[in-house]
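Residues 10 to 142 (my numbering) make up the sequence shown, in order.
For every residue, glycine included, the Cβ atom is placed at its ideal position computed from N, Cα and C.
Written below as structure tokens is the structure these notes are about.
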Amino acid sequence: MIAFLSLFSEELLKLHNQWLQEKKNHEEWLFHNSQVCYLRKALNDEFDDLERGIRITDGQLYDRQYLFTLGENKPRKIGKIFLRPASDYADTGIDFFVVFPKTIDINNNNYKQEALVNRYKLASKRYKIIHNE
């Protein structure tokens, strides 16, 4: 009888510990909303707990430079023009960038990172995960 009660209490204790862990995970998810500071905290807690170098930056980094054609007869001196990906410009629709430091390998945890960002961001916001250069 004592062995049965001991076995039952061990399983009950294990179940209680699992419930406490799930409760903690759900509370963490409920206490975070879609503000940038909470998203940054959740990402740093998960992927960069020591250095906390993950940043969230604005998605509208650069304005486009329009180049006139010869038919428009509007000569313009062109200075240095940098070729950038289309997602770096203001009118592309990317709302924010998640910038990971070089010390974190983003290729190994890419799906996990995307899942975490998708969990905490607003549904209408679009993002891109980039590596700090």
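Could you spell out the range, first to last residue, of the beta strand (DSSP E) harbouring residue i?
i: D67; result: 64-67
Considering only C-alpha positions, which residue in the set the options is nearest to residue i?
i: I65; options: L59, L24, V107, K89; result: V107
i: V45; options: K32, I63, N26; result: I63
i: D72; options: E20, D58, F91, K33; result: F91
Leaving aside the five residues before and after residue i along the sequence, list all residues of the same chain whose C-beta is less than 8 Å from its C-beta, in chain order.
i: I115; result: F109, Q122, I138, H140
Which residues in the same chain as residue i place their Cβ atom closer than 7 Å to its Cβ, once the five residues preceding and following it in sequence are excluded?
i: K134; result: D104, F105
Please report the straight-line C-alpha distance between residue i and residue j, rounded to a whole angstrom.
i: Y129; j: I87; result: 42 Å
i: E36; j: N118; result: 24 Å
i: L48; j: W28; result: 25 Å
i: D57; j: I113; result: 7 Å
i: Q69; j: P94; result: 12 Å
What span of residues does the alpha helix (DSSP H) with residue i cover, start to end?
i: Y120; result: 119-129
i: K33; result: 11-40
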